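In this note's numbering, the protein residues as written are 256 to 597.
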């Protein structure tokens, strides 16, 4: 099992085109118009993004239906299932009484199945197809989808986690709780047996949690963020900043604290560049070899909405940078305070 594509529903088609093509460096490889609206298909590396908007005056459509309930965001996450396992998995969905509908793949045309998951986020599955032919990244050098994060209400969390595990055969790889002076969350990291799908669940542990802010602004459960992998995060981030992509500002003192830590006292790290670009780092074996480097964009569609992560895993570093979560969530809280979000 592996990621196939992400499908965004947006209310401003032209702005989305500028954002993903001009700023993030995706290539538009196809355009589809139908009764629901218009869809641009963007690719970079093995990342496939569908960006759809309702046509003016189109009336009812699945895009309109979603956008009447939620801000712009990811309305569908799709996966590929190994061909040899496809028939068994399709039968498994029926046994679980999942109400599915047929769907055709936007690029290959192959027939898959789609169904509603949590909130109004749909999931689609297809028989595995050949890897995509790489498109020029225009300097961004993003390679693949690393992981996806779903925010969900606390009273639905256990049910959702069990649902994903039983439906897809995923297992919990790790769990952790993050607390700041003003916020709290609990997170579980789920993964497929082959490790190619990493899907995390977050829920709030306090009423003032920024996860609760997301749930309120999104009007329910939804995809909080997606991480894209890269082989050179400094090159990628420098390029994206030049193109106008805005990232979260890191709390003052983060880099001095890290440099003073015995973990990170490594001459090989270009601290000035990391600090200038505001890239976070997490050491996994106290050697400076298995490093996880990451950065988070500002929310795309207003505070408490979807944002993107860029991640570089050196020497197969695992995890999700939980050592950085404190800095990340303090940065989000600062942004929310600046924009006077309650």
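Using N, Cα and C, we set each Cβ at its ideal position, and we do this for glycine too. Since this is a predicted model, take the numbers as computed values, not measurements.
Backbone secondary structure at residue 492 - three-state DSSP: In this structure, residue 492 counts as helix in the three-state DSSP scheme.
Considering residue 307, what are the terminal residues of the beta strand (DSSP E) in which it resides? Residues 302-308.
Test item: CB-CB of residue 406 and residue 449 under 8 Å: Result no, Cβ atoms of residue 406 and residue 449 do not sit closer than 8 Å.
Identify, in the order they occur along the chain, each residue of the same chain with its Cβ nearer than 7 Å to the Cβ of residue 298, setting aside the five sequence neighbours on each side. Cβ neighbours of residue 298 beyond the five flanking positions: 281, 282, 284, 387 and 390.
Measure the CB-CB distance between residue 322 and residue 260 and report whether it falls below 8 Å. Not closer than 8 Å, so no.
Reduced DSSP category for residue 266 - H, G, I as helix; E, B as strand; rest coil: Residue 266 falls in the coil class under three-state DSSP.
May I ask which residues mark the beginning and end of the alpha helix (DSSP H) holding residue 349? Here the alpha helix (DSSP H) through residue 349 covers 341-350.
When the Cα of residue 374 is compared with those of 398, 397, 412 and 287, which residue comes out closest? The shortest Cα separation from residue 374 among 398, 397, 412 and 287 belongs to 412.
Who are the Cβ neighbours of residue 353 in its own chain at under 8 Å, not counting the five residues just before and after it? Same-chain partners within the cutoff: 370 and 422.
With DSSP collapsed to three states, give me the class of residue 596. Since pLDDT at residue 596 reaches only 49, below the 50 mark, its modelled position is unreliable, and the value read off the structure follows with that caveat. The answer is coil: DSSP assigns residue 596 none of H, G, I, E or B.
Hey, which unbroken runs of the alpha helix (DSSP H) at 4 residues or more fall wholly within the region 417-497? Whole alpha helix (DSSP H) segments, 4+ residues: 465-473 and 488-497.
Pairing CB atoms from the region 258-274 with CB atoms from the region 326-336, are three or more of them under 8 Å? The region 258-274 vs the region 326-336: in contact.
Close-in-space but distant-in-sequence residues of the same chain around residue 383 (CB under 7 Å, 5 per side omitted): Excluding residues within five positions, the ones whose Cβ falls inside 7 Å are 335, 336, 337 and 338.
Excluding five sequence neighbours on each side, which residues of the same chain lie with their C-beta closer than 6 Å to the C-beta of residue 447? The beta carbon of residue 447 lies closer than 6 Å to those of 256 and 425 in the same chain, with the five residues before and after it left out.
How about the region 357-371 and the region 494-514: do they share at least three Cβ pairs that are nearer than 8 Å? Too few Cβ pairs lie closer than 8 Å, so no.
Residues sharing a beta bridge with residue 366, DSSP: When beta bridges are read from the DSSP output, residue 366 appears opposite 359.
Would you be able to state if there are at least three C-beta pairs under 8 Å between the region 394-409 and the region 430-437? Under the Cβ criterion (8 Å, minimum of three pairs), the region 430-437 does not count as touching the region 394-409.
Pull the bridge partners of residue 327 from the DSSP assignment, please. Within the DSSP bridge table, the entry for residue 327 names no partner.
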